[in-house]
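Asker:
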Amino acid sequence: MFFDPIYIIAVLLPTLILSGLAQAWVRGAYQKWGNVPNSRRVTGQQTAQILMRDGGIQRVGLEMGQGELSDHYDPRAGVVRLSPNVATQPSVASMAIAAHEFGHVQQDQQKSPLMSLRAMLIPSATLGPQLGIGLIFAGLILNVTGLAVVGLILFAGATVFTVVTLPVELDASRRAMSLLRDTGLIANEQDAAGAKAVLRAAAFTYVAAVATSLLTLLYYAMLVFGSRNRD
């Protein structure tokens, strides 16, 4: 596969380019707005406390995570984990990132259908790629088209998870901006512009993930159905 010119041109190179652009955009936005204090001078941890106090969000656990930009909400444990810099720095970026995670908390507490669907697809995202690819190539090698099709369906489940994740993340960012405005944490245009810039950059990582996942799925579909047509 890795020596297939079609794979290199249609999947590998676009994936490297999109992933590189996404990471560069996120790093650039984070570095820029991570050095700009927000007008309220609140850290990510303080932002979280204010959102739980004034934002109509039921209290959840709040923990310090590990690693840069490792921020996430764990719905199973009911815990938001903020990376050390986000938790402790009073920057525009910290405020925006913390609010994004509480956008997910709000989705969870309001029983967002998309978030529920994504949770249902987690097994597909976890097992689908490895098992699916294995079955695809086993089917191709053994000339058992049905086996390859089953593998393709399993891999498609992971792609569906990636596609569903995009609107979930966009909605969390939309909710984050509303929460920040409603609680008065966004106090001027600089706060608003910086928060939007950070959230927009983060969203592009999910756009890139959807694009690369779809390209990979199409490539495997071409292998499976192209092989069947040759038969």
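Numbered per the working numbering, the sequence shown spans residues 70 to 300.
Note that CB positions come from ideal geometry on N, CA and C, so glycine has one too.
Under a three-way DSSP split, which group does G130 fall into?
Answerer: It is a strand residue.
Asker: Distance, Cα to Cα, M164 vs R150?
Answerer: So the alpha carbons of these two residues sit roughly 14 Å apart.
Asker: Using beta-carbon positions only, say whether V111 and L284 come within less than 8 Å of one another.
Answerer: Going by C-beta atoms, V111 is not nearer than 8 Å to L284.
Asker: Does the Cβ of M189 have 16 or more other Cβ atoms within 10 Å, making it buried, or fewer, making it exposed?
Answerer: So M189 counts as exposed.
Asker: Along the alpha helix (DSSP H) that carries L183, what are the first and last residues, could you check?
Answerer: Start and end: 182-189.
Asker: Using a Cβ-Cβ cut-off of 8 Å (strictly less than) and excluding sequence neighbours within five positions of G97, which residues of its own chain qualify?
Answerer: Correct list, in chain order: A270.
Asker: How far does the beta strand (DSSP E) with V148 in it extend, from its first residue to its last?
Answerer: From DSSP, the beta strand (DSSP E) with V148 extends over 148-151.
Asker: Going by other Cβ atoms of all chains shown within 10 Å of its Cβ, with 16 needed for buried, is Q175 buried or exposed?
Answerer: So Q175 ends up on the buried side.
Asker: Does the distance from the C-beta atom of V276 to that of L235 stay below 8 Å?
Answerer: Yes, the Cβ-Cβ distance between V276 and L235 is below 8 Å.
Asker: Decide yes or no for the touch test of the segment 237-255 against the segment 85-96: beta carbon pairs closer than 8 Å, at least 3 of them.
Answerer: Counting Cβ pairs under 8 Å, fewer than three are found: no touch.
Asker: Can you name the start and end residues of the beta strand (DSSP E) that D140 belongs to?
Answerer: Counting along the chain, D140 falls outside any beta strand (DSSP E), and DSSP gives it neither H nor E.
Asker: Under the assumption that A278 contacts T231 (Cβ atoms under 8 Å), give the Cβ distance between them as a whole number of angstroms.
Answerer: Sure, about 5 Å apart at Cβ, within 8 Å.
Asker: What residues in its chain sit with their C-beta under 8 Å from that of V148, if we drop five residues either side in the sequence?
Answerer: Once the five neighbours on either side are set aside, the close Cβ partners of V148 are V129, G130, L131, E132, Y142.
Asker: Give the single residue among K180, T228, M184 whose Cα lies nearest to the Cα of Q199.
Answerer: Among K180, T228, M184, the Cα nearest to that of Q199 belongs to T228.
Asker: Straight-line CA distance for T157 to G103?
Answerer: Spanning the two alpha carbons is a distance of roughly 11 Å.
Asker: In its own chain, which residues sit with a C-beta less than 8 Å from the C-beta of L186, not counting the 5 before and 5 after it?
Answerer: Here the set comprises V233.
Asker: Mind checking S282: buried by the 16 CB within 10 Å criterion, or exposed?
Answerer: Label assigned to S282: buried.
Asker: Measure the alpha-carbon distance for R243 versus G172 and round it to whole angstroms.
Answerer: R243 and G172: Cα-Cα distance of roughly 8 Å.
Asker: Use the C-beta contact count for D260: other C-beta atoms within 10 angstroms, 16 or more gives buried, fewer gives exposed.
Answerer: By the 10 Å Cβ count, D260 comes out buried.
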